[in-house]
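All you need for our numbering is the position in the sequence shown, starting with 1, plus 4.
In this text, a Cβ means the ideal position worked out from N, Cα and C, and glycines have one as well.
Presented below is the structure to which this report refers.
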Amino acid sequence: MKYTGLTNAEVIASRAKYGNNEMPRPKLKSAWQFFFEVFQDKLNIVLLIMMCMFIVLSAFGYGSVFEAAGIGIVLLVVAITTVASKLKGQRSAEDLRIKSSMLYADVMRNGVLVHIPATEVVVDDIVILRAGEMICADGYVVDGAIAVNNAILNGESDECEKTPVPSDFVYNRDAKISGDTYIDAHSVFSGTTVLSGECAMRVARVGGSTENAKIMATLHSIDGVKTTLQIQLDNLADKISKIGSVCATIIFLVLLFVNIHSSGLAADASMLYMVFSALTVALTIFVAAVPEGLPFIIGIITGQNVSTMIKNNILAKNPNKIPESGNIQILCTDKTGTLTRGIIEPVHNFTGDGTDIGFDGALGGVIADAFLENIALTSGATYGSDGTIIGGNLTGRALLTAVAPVAQQITQIQSEVPVLERIVFNSANKFSAVRTADVSCYLGAPEVVLSHAKYYLDETGNIVPLNHNMIAELIKQNASRAMRLVATAYSTSWATDEKLPDDLVLISIVAMRDQVRPGVSDVVASLRKSGVNVMMITGDILDTARAIARDCGIICTDDDIAMTASELDEMSDDMAKSILPRIKVIARATPDTKLRVVKLAQSLNLCIGMCGDGTNDAPALKRADVGFAMGDGTDVCKESGDIIITDNNFLSIAKCILLGRTFVHNVINFLKFQLPINFSLVILSILFPLMFGFDAFTAVQILIVNIVMDSLNSLAFGGEPSRPEYMSEPAQGKDAPLLSRPVLAQVAWTTVGFVCVFGVLASPMVRPIFETPDVYMSARFALLVIMAIMNGFCVRVDGFNIFNRLRTNPMFLAVAFGVVACTVLCVSFGGAVLQLSPLDASQWLVILCLSLLIIPINFVRVVFIQAK
């Protein structure tokens with residue numbers, strides 16, 4: 005490297021003058037902003053109007069100011085709870101943004117290549133850029149050549165070639181940057197992606213001064229597309245809203261009729277008060293019935309799941325895709341680093357006659373010397389000052405790892421042998437090359453190198469004709485054992501127009517192996533049992549891919565198909581779709597292959613997840629229903645993914661699918677708990693005035709029940725841990741309803757049970773226990789809350805043991821006891837504000853016994869289900 009980079013003193017001076025390389029953070033909202041947003045909600049506006057009307061009526065002697073105070077307290081609790089939740093969510097989102105946007109860069113400092121966080125890059129730094137990386141600052145190319153994708157700047161996905169600036173180039177910091185600047189021959193910009201090649205860039209602008217900073221400022225205000233769960237919840241809320249509107253109208257008319265019938269038709273202020281009281285209860289029922297708080301509740305559950313995922317090495321960059329991951333029916337995965345450990349270890353180093361010469365230079369003589377010089381120059385990797393290997397791609401770093409015992413010799417070659425010209429490896433040419441004053445060295449895929457090689461170098465240094473049949477058999481044997489092969493060769497000729505010369509001399513063929521991760525085969529079997537079809541899409545040759553697929557358990561029957569991308573390309577869409585569920589391996593895949601598989605699956609209305617770690621995976625990751633990016637993948641890959649697997653482990657992807665299913669189950673359990681409360685409130689508010697001539701609950705009581713049940717119990721059910729049996733369930737398609745028929749039947753059964761228990765409370769045997777109307781009101785309020793808690797125990801389980809797995813969710817018990825304690829406090833001290841009177845011990849015992857009735861009522865439902 006002819007550039008030594010900045011010194012420590014120059015770095016400090018540059019940072020002081022031009023600032024840090026940190027993007028402007030999105031403006032965070034204050035607590036007051038969230039507070040005022042609460043009162044922009046239409047339902048809360050209705051409550052505010054109701055409170056004001058109660059204040060006006062109480063001023064004229066009708067009603068009590070405590071009714072207005074009660075609504076005000078409820079609104080304040082709603083506001084405080086919402087603000088606290090949104091502040092926490094905002095902090096979590098900011099933490100996720102920081103973690104997911106952490107980039108690193110290879111920079112020349114003090115004559116040494118160092119690997120540093122991109123935020124530490126300063127103006128005038130020399131940054132080394134390679135294929136697959138996201139550029140961390142604005143600048144211009146000073147050495148090498150690359151192709152970049154400027155789509156983030158101008159929306160054009162075409163490759164844009166970048167070459168070094170002239171030696172007399174002077175950067176004009178005041179020059180206006182336009183669309184023409186994006187596509188000029190030398191300028192590169194932060195946020196764009198290197199598609200191919202390798203170069204040295206001099207940094208010109210950092211942080212908020214970059215072009216990307218202007219674009220990023222607008223991206224934070226763009227809302228994402230709704231997921232399947234969000235659409236399902238919106239549809240559910242819409243249906244219940246319509247039902248709530250009809251019921252609220254009925255309740256208003258019923259209450260108005262009852263009040264007028266009992267007091268006559270006098271058109272005075274008292275009549276106005278009765279009308280308004282009826283309207284207030286009706287509107288309150290509508291507020292309670294309509295699950296407008298579902299987005300808030302889902303936000304709470306999402307926050308809990310994000311925290312759980314982080315503990316499992318899963319970073320949900322797009323938390324809305326957590327439940328979507330549980331619906332995956334096809335999971336496309338890369339091989340290297342995902343199914344395998346991602347650590348390639350060179351195992352054999354075969355010469356042209358099949359001899360294994362090893363890697364340490366002690367064996368092989370002339371061949372070993374030629375081999376060491378070849379990989380020192382073509383690998384693109386080097387030893388850092390601390391002995392770590394930096395730069396290059398995975399293969400290049402693996403080769404340098406193998407020859408680490410002679411690292412000093414490698415370093416000496418790299419420093420003493422000048423490179424006159426270089427071709428960087430890319431997916432198109434499949435080889436890298438360097439030209440020195442004496443020889444040209446080549447490193448590439450065996451099928452590419454061998455097609456241009458007629459000779460090989462033997463142990464004595466002689467050039468001998470190459471036996472292609474023998475070498476082909478050697479390659480086939482190693483490929484069948486899941487070996488990755490790379491060939492080294494040299495020539496006196498240079499590759500013109502990136503085409504290999506036809507006089508290559510083979511030095512050796514290196515066989516490398518990447519072991520399957522422990523536990524992968526068990527996870528694949530579990531996914532298959534749960535209806536998830538695992539498909540390996542890899543760039544490796546078919547034999548290698550098939551061998552790894554067998555080791556992983558992806559291929560396990562004669563019906564399973566392993567094919568190449570070219571074979572898939574020859575098929576029509578209809579033919580490909582007909583065999584898609586049977587395809588387990590696609591080898592020699594291209595970016596277009598992965599994208600086509602995603603489109604084929606989506607055309608069949610299947611939910612597809614795509615795993616990837618390379619730049620070529622980005623289009624498919626972006627298009628897939630859920631994109632899983634590996635933690636050590638390229639920057640553009642992580643930018644395109646929805647969920648980042650920080651430990652690059654396939655087992656973590658399976659955990660993510662399980663957590664996604666757990667998320668949906670917890671939402672459904674919450675709805676099974678909450679909907680009977682809402683429906684019971686509506687039914688009881690209609691029946692009590694008609695049958696007994698008074699309201700079942702006051703507006704304030706209804707609001708308290710709704711708020712307490714919504715917010716606290718979302719925490720209780722959101723904390724339910726995953727169950728292994730969730731992975732035994734078939735994957736749900738995109739068209740599957742959120743609430744299945746059995747769930748709807750359970751909600752209906754529980755609602756009927758609630759109403760029947762209230763019928764017992766109103767019976768001649770029980771009613772006299774509660775002497776006064778205020779005490780009877782307290783009994784109704786307490787019964788509804790405590791019976792709902794008892795139903796929560798039933799909702800958690802599918803059988804008779806309502807205490808099953810209670811220890812796994814301590815939050816549930818904490819919330820249950822907390823709600824009971826709050827109920828006792830409200831009844832004992834609510835007084836005129838809540839229109840409640842204290843209950844004695846015997847009355848509380850009756851309430852407890854009545855609330856327990858919901859448990860045997862649920863047992864009857866379970867008996868019917870098990871009988872079927």
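Check your understanding: If you draw a straight line from the alpha carbon of residue 228 to that of residue 350, how long is it in whole angstroms?
Key -> Below a pLDDT of 50, predicted positions are generally treated as unreliable, and residue 228, at 44, falls in that range; no measurement from the model is reported.
Point to revise | Reduced DSSP category for residue 870 - H, G, I as helix; E, B as strand; rest coil | key: helix
Check your understanding: residue 137 by DSSP, collapsed to three states: which one?
Key -> coil
Practice item. Pick out whichever of 723, 817, 494, 354 has its Cα sitting closest to the Cα of residue 482. Key: 354
**Study point:** Residue burial classification, residue 600 (beta-carbon count within 10 angstroms, cutoff 16)
**Key:** buried
Check your understanding: Can you tell me where the alpha helix (DSSP H) with residue 632 in it begins and where it stops?
Key -> Element bounds for residue 632: not the alpha helix (DSSP H) but the beta strand (DSSP E), 630 to 634.
Point to revise | Residues of its chain near residue 123, where Cβ-Cβ distance is below 7 angstroms and the 5 sequence neighbours each way are ignored | key: Within the same chain, Cβ atoms closer than 7 angstroms to the Cβ of residue 123 are found at 24, 25, 26, the five residues on either side in sequence being excluded.
Check your understanding: By a C-beta neighbour count over all protein chains shown, 10 Å radius and 16 as the cutoff for buried, is residue 841 buried or exposed?
Key -> Classification for residue 841: buried.
Check your understanding: What separation, rounded to the nearest whole angstrom, lies between the Cα atoms of residue 305 and residue 35?
Key -> 21 angstroms
Point to revise | Boundaries of the beta strand (DSSP E) in which residue 199 is found, first to last residue | key: Its beta strand (DSSP E) spans residues 197 to 209.
Check your understanding: How do the region 489 to 497 and the region 308 to 326 stand: do at least 3 beta-carbon pairs fall below 8 angstroms, yes or no?
Key -> no
Check your understanding: Contact check, residue 613 vs residue 628 under 8 angstroms by CB: the rounded distance?
Key -> 6 angstroms
Exercise for review: Assuming residue 342 contacts residue 615 (C-beta within less than 8 angstroms), just tell me the rounded distance between them.
Suggested key: 5 angstroms
Review point. What residue range is occupied by the uninterrupted beta strand (DSSP E) comprising residue 354?
Key: 349 to 354 is the span of the beta strand (DSSP E), which, as asked, contains residue 354.
Exercise for review: Throw me the rounded Cβ distance for the residue 661 and residue 332 pair, which I believe falls under 8 angstroms.
Suggested key: 6 angstroms
Check your understanding: Taking C-alpha atoms, which residue in 664, 514, 195 lies nearest to residue 312?
Key -> 664
Review point. Excluding five sequence neighbours on each side, which residues of the same chain lie with their C-beta closer than 6 angstroms to the C-beta of residue 752?
Key: Nothing meets the Cβ criterion.
Check your understanding: So residue 827 and residue 790 are in contact, right, with Cβ under 8 angstroms, and what is the actual spacing, rounded?
Key -> 6 angstroms
Check your understanding: Can you tell me where the alpha helix (DSSP H) with residue 754 in it begins and where it stops?
Key -> 745 to 765
Check your understanding: So is residue 659 buried or exposed if we call it buried at 16+ other beta carbons inside 10 Å?
Key -> buried
**Study point:** Continuous beta strand (DSSP E) stretch holding residue 121: start and end
**Key:** 116 to 121
**Study point:** beta strand (DSSP E) segment containing residue 432, residue limits
**Key:** Where residue 432 is concerned, there is no enclosing beta strand (DSSP E), given that its DSSP letter is neither H nor E.
Practice item. With a 10 Å radius around its C-beta and 16 neighbouring C-beta atoms as the bar for buried, classify residue 209 as buried or exposed. Key: It is buried - the Cβ of residue 209 has at least 16 other Cβ atoms within 10 Å.
Point to revise | Straight-line Cα distance separating residue 261 from residue 877 | key: Any answer about residue 877 is impossible in this case: the structure gives the chain only from 5 up to 872.
Review point. Is DSSP giving residue 395 helix, strand or coil here?
Key: strand
Point to revise | Whole-angstrom distance between residue 839 and residue 856, CA atom to CA atom | key: 25 angstroms
Practice item. Assign residue 223 to one of two classes, buried (16 or more other C-beta atoms within 10 Å of its C-beta) or exposed (fewer than that). Key: Unreliable placement is indicated for residue 223, whose pLDDT of 42 sits below 50; no coordinate value is reported for it.
Practice item. Would you mind sorting residue 741 into buried or exposed? The rule is 16 or more other CB atoms within 10 Å of its CB. Key: exposed
Point to revise | Length of the line joining the Cα atoms of residue 4 and residue 515 | key: The question about residue 4 has no answer, for the chain in this structure spans 5 to 872.
Review point. Can you give the Cα-Cα distance for residue 1 and residue 686, rounded to whole angstroms?
Key: Since the first residue shown for the chain is 5 and the last is 872, residue 1 is missing from the structure and cannot be characterised.
Review point. Start and end of the alpha helix (DSSP H) containing residue 680?
Key: 654 to 696
Exercise for review: Could you tell me the boundaries of the alpha helix (DSSP H) in which residue 596 lies?
Suggested key: 595 to 607
Review point. Is there contact between the region 642 to 653 and the region 688 to 705, where contact requires at least three CB pairs shorter than 8 angstroms?
Key: no
Review point. So residue 383 and residue 400 are in contact, right, with Cβ under 8 angstroms, and what is the actual spacing, rounded?
Key: 3 angstroms
Check your understanding: For residue 194, is the beta carbon positioned less than 8 angstroms from some heavy atom of the ligand GDP?
Key -> With respect to the ligand GDP, the structure offers nothing, as it holds no ligand at all.
Practice item. Could you check the C-alpha separation between residue 147 and residue 167 for me, to the nearest Å? Key: 7 angstroms
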